[in-house]
Structures are given as structure tokens and as C-alpha cells.
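Per this note's numbering, residue 146 is the first one in the sequence shown, and the count goes up by one each step.
Ideal Cβ placement from N, Cα and C applies to all residues, glycine included.
Below is one structure, written out as C-alpha cells; the observations come after it.
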Amino acid sequence: MARFAVPAYPHTPVPQRWPARTLRTRRPLAAALAVIVLNSTLQAVDPQLNAVAMPAVAADFGLDPAASDLLRSISTIALAACMLGVAILGDLKGRKLILVLGGAGVAAAAVTGAAATNEWVFGAGRVLMGVSTAMSFAMVLAFLPALFSDRRLVRAFSVWLVVDSVAIVLIGVAGGLVQQQWGWRCVYLLTGALALVSTVAAALLLPENRAATSRRFDTFGVVLAGVGLVALIYSLSQGSARGWGSPVVLGGVVIALVVLTTFVWWEAGCANPGFPVGLFAAPAFAGACLVGLMFNLANGAIIGQFPAMAIPLGHTDAGVAMVASLIGVGSIAGATASGFVMSRYRVGPRTMFVSGLLVLAVGLASQIFTAVGRELAVPGFGVLVVGFGIMWMQNPQSAVVAAAAPPGLIGTVGSVKPAVGQLGMGLGLGVAGPVAALLTTGEARTPHAYGVGMLALSVLFVLAALAVAFLMRVPARRPPTAAAPVLAPVTP
């Protein structure tokens, strides 16, 4: 008789090649989820830590505002450029392999940034950070539906989103303390240490899985998607600083529209498309993409415009950062409530999306009450509500996107979530300021102008809620019709 029983393989939607050490644990799926969530925090905390460190980086390297803005956003641009490509590679070559390589790249990028002696080396580190984060994050989105299904997938997404929200709050505070005590270089080393731990855990404990059937790598489609998204995200993010009539902004938008239209045409006619563009015809998938665009727009608008209004009025960086961190507090509450409501009461995505968009509309509209003497209290309420609304919709949005993916395209289809998210964030950062300037007279960053701009944007969220409700409506059942009588053939 064998001394030890052979460990049982857990049931998963996609076949897995499990490491023996993971199978020896009591709950291999729980262990895998813990590792996946740990790796997902890399994408969540790097922008937070980079935002903390960038003012000191700019001061040390003597950067002008334009160069500082480019270095601040260049990792996001790199992430958008390669998201589809790395997602396809994960489906073809193995999702664990790409995730581990991405985590190792994040660690290397963090060390490069920490050791940089000039802005060029630092910029190279940030580009590597964007590429590596794309590899890691795309595989996190691919792993969850490969390991869980139905209600277990909803709970897994809930755990993931709650932990990410907590990490954003805690790591943001830790990054500020580390920079205050030891300088900005140690902030990037904090990211490197987290990446090292998460990568080793993934290499030791995660199972490997990939698409059951092989297909050609769609090089032309990947290049088109990357160029189109980079042009669109960069030009939209520059709208506030350069003006919407700037040749850079208008030219970037035109290039993006032409390239992305070519991408859709190419994918629709390709025998082995990199991305199944026909999914956008499905109401649930299209609704999920619209929702992802909108909640990231809300995030970019309020987090981008609130500091620009409050800091020139004399409020300290610490006070503004404390108010901004309330988005994490709201996110924790929203992710927890969303998972509970969906699991306990089986509330559908349509209801979650419509109610979440209306919550975001309330949070933005409340900013109309911002005035001198209330530059922190009212935005604090709005940031808290927006954080709740974002995570209220993140769980069902992730589940809808994952459910739409064919088994061999889990990573590929999952890449649409961060792509849409980056587009929404760029819109939020670029649109809110010009809207306020258009609807008010004088300085666009006064408390009054800030409130008017947020109120105007809230109307878009009400309209989006109506659009999603219509798009995802349940078709009315038609009453059964009587069968036509069968006529006997007439003989001549």
C-alpha cells in the first residue's frame, strides 16, 4: 500500500498542469488564487508609488513639466501598446510562463529606475515597467476564468478586487513614509521587492495552462492595435495640457481612428484573428466595455482635477493625498458589497452596471457644492463615492468579459479590459479640465469651476446608464404562434 495518497486534481474549467507542491496543500485552488492576487497588486501599486516618487525624480534630474509628464505616463503607454500581444503569447505559449517573465521584468524595471543616473535610464526602466506589467496583469485576467467558473469566479474576482483596493491604500501610505525617510529611489525598490516575492511564489505554486489548439501569432493585428491605442491614449491625455485644438491632439486622434478602423477590418477578415472583434456585437460584452470606459473616466476626472484645484489654493500635498486615498476606502467597500450582492442575491450584470453608473453620477454631481472652505470635505465625499461605484461594477464587468472568451482566447479577450480602462482614464484626465473651462468664466481650476465641470460630466453617466439599460435589455418573449396547417398536395 502506498504511504501517501495521490493528491486529487481540482476541477477547473481549463486543464491545468499542477506543481506537486501545490497539490500537496489542502486547498490548491485557494493557494493559486492567493498567488494570482499577489501578482495582481503589481499593476495596482506601481502607478501609486510612481505618483509618489515622480516630483522628487523630476527635481533630481531637473526635468521640465513636459518631460516629467511624459515619464509619468510612459509606462501606461507601453502597457497599452503591448497588451494584446502579450495576451496572445500567454494563450499560445503558457500563461504561467508569461506571468513569471512579467514579474521578473517588473523587478528588473524597478531596480533600473532606482539606480538611474539620468532621465534616459529612468525612462527606459519605466518603459520596461509598462511592458512587464502588461505581461503580469494580462495573465492575472486570464488565470482566474481558467481556474474558476460560475459563482466561484464571482467570489474570486471579489477577493482579487478587495485585496487590490487594500494594497493601493496601504502601499500608498508606505511609499510616502519610505520616500520621507530614505528618498525616492527606495520607493522603486519597494516595488522591486514585491515583484520578487510574487514572482517566486508564482513560479513555485501556480499551475501552467494554455490554449488547447495552436494558432498563428497575428503580428499585423497586434501592431495595429498597439499603434492605435498608443496614439489614442497619448493624444487624449494631452488634451488638457495642450488644448483640444492642438495638432498633436487632433493628429493623434485622427491617426488612432484610422489605425483602429484598419485593425477592425483586418481582424474581421483574418482567418486566425488576434482578437475576435465579433464579440462587440454581443450586448453584454459591449455593455461591459462601455462600463469599463466610463468608470475609468470617472476615476481619471476626479483624481486628476481635484489635486489641480486644491494644491494651488494652499492645501498641503499630504492633505490632498489623504483625500485622494479615500478612493481606495470606497473601493474596498464597493468590491466587498458587489461580491456579496452578486453571490447572495444573484443580481445580474445589467442591474449592477446601471446602478453603478448612477452612483458615479451622484459622486461627480455632488462636487457642485465645492466652495472656498470646502475644498477638501466635498471632494472627499465624491472620491469615496466614486471609489465605491467603480468597484461595484468591476466585479460583474470582469465576469462578463471572462465569460465571453472562448476557451483558447481567455488571455486575448481579457486584454480588452485594461485597454478600455486606459482609454477611459485618458479621457478623464483630458476632458474634465476643458469642460470646466468651457462652462465657466475665468480660471478653470477654482472650486466653482471644478464643481461645474464635474456636474457636467455626471450627465454623461446618466446617459450611459440609460444606454446600458437599453443595450442589455431582456427581449420580450413572443407568444407562441399557431402552426400553419399542413396542406395535402393537390393532384392534377
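**OP:** Below 8 Å on the Cβ atoms is my guess for Phe-514 versus Gly-432; work out the distance and round it to an integer in Å.
**Re:** The pair is not a contact, with the Cβ atoms about 31 Å apart (cut-off 8 Å).
Original post:
What are the complete beta strand (DSSP E) segments, minimum 3 residues, inside the segment 244-295?
Top reply: none
Subject >> Spatial distance of Leu-183 from Leu-246 (CA atoms) >> reply: 15 Å
**OP:** To the nearest angstrom, report how far apart Ala-232 and Gly-559 are at their CA atoms.
**Re:** 8 Å
**OP:** Could you tell me whether the segment 268-287 touches the segment 295-304, where touching means 3 or more Cβ pairs closer than 8 Å?
**Re:** no
**OP:** Tell me where the alpha helix (DSSP H) around Glu-412 begins and ends.
**Re:** 392-414
Original post:
In this structure, does DSSP put Arg-618 in helix, strand or coil?
Top reply: coil
Original post:
Using the beta-carbon count (16 or more within 10 Å), is Gln-325 buried or exposed?
Top reply: exposed
Subject >> 8 Å Cβ cutoff met for Ile-447 and Leu-509 >> reply: yes
Original post:
Measuring CB to CB, does Gly-248 end up less than 8 Å from Thr-344?
Top reply: In this structure, Thr-344 lies closer than 8 Å to Gly-248 by Cβ.
Subject >> When Ser-185, Pro-418, Leu-216 are compared against Val-342, the one with the closest alpha-carbon >> reply: Ser-185
Original post:
Mapping DSSP to helix, strand and coil, what is Arg-300?
Top reply: helix
Original post:
Going by beta carbon distance, what residues of the same chain come within less than 8 Å of Val-404, once the five residues before and after it are set aside?
Top reply: Leu-369, Val-372, Gly-373, Ala-376
Subject >> Gly-419 beta carbon less than 8 Å from that of Asp-363 >> reply: yes
**OP:** Consult DSSP for Arg-489 and reduce its assignment to one of helix, strand or coil.
**Re:** helix
Subject >> DSSP-derived helix/strand/coil call for Arg-162 >> reply: strand
Original post:
If Leu-475 sits next to Val-528, beta carbons under 8 Å apart, how far is it from one beta carbon to the other, in whole angstroms?
Top reply: Just to set this straight, residue 475 is Gly in the shown sequence, not Leu. The beta carbons of Gly-475 and Val-528 sit about 7 Å from each other, so the pair counts as a contact at 8 Å.
**OP:** Out of Leu-442, Ala-506, Thr-591, Arg-618, state which residue places its alpha-carbon closest to the alpha-carbon of Pro-494.
**Re:** Answer by Cα proximity: Arg-618.
Subject >> Beta-carbon proximity check, Gly-320 vs Leu-208, cutoff 8 Å >> reply: Not a contact, by the Cβ cut-off of 8 Å.
Original post:
Do Ala-480 and Val-307 have their C-beta atoms closer together than 8 Å?
Top reply: yes
Original post:
Which residues share a DSSP beta bridge with Glu-353?
Top reply: Under DSSP, the beta-bridge partners assigned to Glu-353 are Arg-162.
Original post:
Does the pairing of the segment 599-607 with the segment 422-432 give three or more beta-carbon distances under 8 Å?
Top reply: no
Subject >> Residues near Arg-162 in its chain [Cβ-Cβ closer than 8 Å; skip 5 each side] >> reply: Pro-352, Glu-353, Asn-354
Subject >> Cut-off 8 Å between Cβ atoms - residues of its own chain near Thr-177, not counting five sequence neighbours on either side >> reply: It is Ala, not Thr, that sits at residue 177 in the sequence shown. Taken in chain order, the residues that qualify are Thr-167, Phe-288, Leu-292, Leu-350, Leu-351, Pro-352.
Subject >> Endpoints, the alpha helix (DSSP H) within which Ala-455 is located >> reply: 428-455
Original post:
Helix or strand or just coil, what does DSSP make of Trp-537?
Top reply: Note: Trp-537 maps to helix in three-state DSSP.
Original post:
Among the residues of its own chain, which have a CB less than 8 Å from the CB of Ala-201, if the five just before and after it don't count?
Top reply: Gln-324, Gly-328, Trp-329
Original post:
Going by beta carbon distance, what residues of the same chain come within less than 6 Å of Gly-532, once the five residues before and after it are set aside?
Top reply: Result list for Gly-532: Ile-472, Gly-475, Ser-476, in chain order.
Original post:
Around the Cβ of Phe-485, are there at least 16 other Cβ atoms within 10 angstroms (buried) or fewer (exposed)?
Top reply: exposed
Original post:
What residue does the alpha helix (DSSP H) around Asn-184 start on, and which one ends it?
Top reply: 173-206
Original post:
Is the shortest distance between the beta-carbon of Leu-349 and the beta-carbons of chain B less than 8 Å?
Top reply: Of the protein chains in this structure there is only one, and it is not chain B.
Subject >> Range covered by the alpha helix (DSSP H) that runs through Leu-509 >> reply: 494-510
Original post:
Counting pairs of beta carbons, one from the segment 262-271 and one from the segment 209-226, are three or more of them closer than 8 Å?
Top reply: Because the criterion of three Cβ pairs below 8 Å is met, the segment 262-271 and the segment 209-226 touch.
Subject >> Length of the line joining the Cα atoms of Val-545 and Leu-435 >> reply: 12 Å
Subject >> Limits of the alpha helix (DSSP H) - the one that Gly-556 falls within >> reply: 555-559
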